[in-house]
Amino acid sequence: MRKIRAAILGPGNIGTDLMLKIIRKAQNVEVVLLAGIVDGGRGLELARKMGIATSIDGVESILADDSIEIVFEATGAKAHLANAPRYRRAGKIATDLTPAAVGTYLVPAVNLDGNLEGDNFNMVTCGGQATIPMVMAVNRVTPVDYAEIVATISKKALLQVP
7 MRKIRAAILG PGNIGTDLML KIIRKAQNVE VVLLAGIVDG GRGLELARKM
57 GIATSIDGVE SILADDSIEI VFEATGAKAH LANAPRYRRA GKIATDLTPA
107 AVGTYLVPAV NLDGNLEGDN FNMVTCGGQA TIPMVMAVNR VTPVDYAEIV
157 ATISKKALLQ VP
């Protein structure tokens, strides 16, 4: 089966964590580039050690590679607002991990099937990804007026090398 070639823009904690998750778990996606704008840093170093191409040319390195089909933007809202139209013109699907809210809000467990044709998706926060499907399920039985989630994370668990 052919894998979708992906790039991650933003080699910080979010981008690096995503890279590791894709490497460990994704069956249909492969990370072929981790790009940023500042040399150094743990994410770029880790990607190099794992045989993944890296660049400090930011979005330009992604746009220059016609083989990249999907971009995970792990930068900031301002960057994604500028980059989203460029991804669209280049025929790349953007998955926005920033608060830019440019694309369709996506909670795969709830609305993936109705959004398979889009080209820019805004991933709802991890708290939302956890809460919304539960609220949807409970709402089938009884109306839900309010829901919240409390989440914690151990810093030590972040970015563990596979």
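Per the working numbering, the sequence shown starts with residue 7, numbered consecutively. Just so it is clear, CB atoms sit at the ideal spot from N, CA and C, and this is done for glycine as well.
In this structure the segment 127 to 141 touches the segment 103 to 117; the number of beta carbon pairs closer than 8 angstroms is three or more. Counting along the chain, the unbroken alpha helix (DSSP H) around Met140 starts and ends at 132 to 145.
Assignment of beta-bridge partners to Asn126 by DSSP yields Ala100.
With three or more CB-CB distances shorter than 8 angstroms, the segment 77 to 95 counts as touching the segment 61 to 69.
By the C-beta density criterion, Ile10 is exposed, having fewer than 16 other C-beta atoms within 10 angstroms.
Here the alpha carbons of Asn128 and Gly134 stand approximately 12 angstroms from one another. Secondary structure note for Arg92: its alpha helix (DSSP H) is the uninterrupted segment 83 to 95. The shortest CA-to-CA distance from Lys55 to any of Leu39, Val44, Gly97 is the one to Leu39. Taking a 10 Å sphere around the C-beta of Met25, we find 16 or more other C-beta atoms and assign the residue as buried. The continuous alpha helix (DSSP H) containing Ala115 extends over residues 114 to 117.
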